[in-house]
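A.B. asks:
In my numbering, the protein residues as written are 5 to 183.
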């Protein structure tokens, strides 16, 4: 069995991340101060469908194939809202969402549903070779929860910064690669 090497890359910084707003699918990345490490020619690249992920993939010098399963968590009615606004106008709903991974007071996808979606994608992703997947902080958090078999409550305890990398390998089971 030939190994799979999968590096997940978080998209570059966006204005909503900088200002404390929840993302929208068409948010662009901010101007990069330093160019990220380019993808090697022999690496196959997939990307979440959102603009910020596709722009980041392009910044890595890669032509990416869109992978819908890597899409960000659907935040429903909360897309684009500032966290301070939610704290002021919907404090109970926000607290519920942060504490209960099965809740979706915004009308979108729950954290549990996101983790299930990502777990299903990981189970089916066994194509050998070197891969790079450009995606989102919440997706990378879901990967870690699934990979480590952590309780869903651990999701809220993980921070993923822009352009962070998460290295995985697969030879019969997924493994986290710390380097």
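Each residue gets a CB set at the ideal place from its N, CA and C atoms; glycine is no exception.
How should residue 31 be labelled, buried or exposed, when 16 other C-beta atoms within 10 angstroms of its C-beta is the threshold for buried?
C.D. replies: Looking at its Cβ environment, which holds 16 or more other Cβ atoms inside 10 Å, residue 31 is buried.
A.B. asks: Would you give the residue range spanned by the beta strand (DSSP E) that residue 134 belongs to?
C.D. replies: Element bounds for residue 134: 133-139.
A.B. asks: Determine which residues share a DSSP beta bridge with residue 48 and list them.
C.D. replies: DSSP lists 135 as partners of residue 48.
A.B. asks: So residue 28 packs on residue 168, CB below 8 Å; how close in whole Å?
C.D. replies: Rounded, the Cβ-Cβ distance is 21 Å, inconsistent with contact.
A.B. asks: Just to confirm, are residue 25 and residue 86 a CB contact at a threshold of 7 Å?
C.D. replies: Against a cut-off of 7 Å, the Cβ pair of residue 86 and residue 25 comes out as a contact.
A.B. asks: What residue from 56, 136, 82, 132 has the CA that sits closest to residue 111's CA?
C.D. replies: For the residues 56, 136, 82, 132, the minimum Cα distance to residue 111 belongs to 82.
A.B. asks: Pull the bridge partners of residue 77 from the DSSP assignment, please.
C.D. replies: In the DSSP output, where bridge partners are listed per residue, residue 77 has none listed.
A.B. asks: Tell whether a beta-carbon distance below 7 Å holds between residue 148 and residue 162.
C.D. replies: Yes, they are a contact pair.
A.B. asks: Residue 90: buried (16+ other C-beta within 10 angstroms of its C-beta) or exposed?
C.D. replies: Buried.
A.B. asks: Am I right that residue 146 and residue 119 are in contact with their C-beta atoms under 8 Å? What's the rounded C-beta distance?
C.D. replies: About 5 Å separates the two Cβ atoms, so the contact holds.
A.B. asks: Taking residue 2 as the reference, which of 159, 182, 178, 139 has the closest Cα?
C.D. replies: Residue 2 cannot be examined here, being either before or after the span of the chain that is shown, 5 to 183.
A.B. asks: Measuring CA to CA, which of 34, 8, 79, 11 is closest to residue 102?
C.D. replies: Of the candidates 34, 8, 79, 11, the one whose C-alpha sits nearest the C-alpha of residue 102 is 79.
A.B. asks: For the putative contact between residue 33 and residue 11, defined by C-beta atoms under 8 Å, what is the C-beta separation to the nearest angstrom?
C.D. replies: Incorrect: roughly 18 Å between the Cβ atoms, too far for contact.
A.B. asks: Residues in the same chain with beta-carbon distance under 8 Å from residue 54, minus the five sequence neighbours each way, listed in chain order, please.
C.D. replies: The residues are 15, 27, 29, 30, 31, 75, 76, 140.
A.B. asks: Which one or two residues does DSSP pair with residue 33 in a beta bridge?
C.D. replies: Its beta-bridge partners are 18.
A.B. asks: Quick check on DSSP: helix, strand or coil for residue 26?
C.D. replies: Correct three-state label for residue 26: coil.
A.B. asks: Measuring alpha carbon to alpha carbon, tell me which residue in 47, 48, 175, 84 is nearest residue 21.
C.D. replies: Ranking 47, 48, 175, 84 by Cα distance to residue 21 puts 84 first.
A.B. asks: Let me know the secondary structure DSSP gives residue 71 once reduced to three states.
C.D. replies: Coil, per DSSP.
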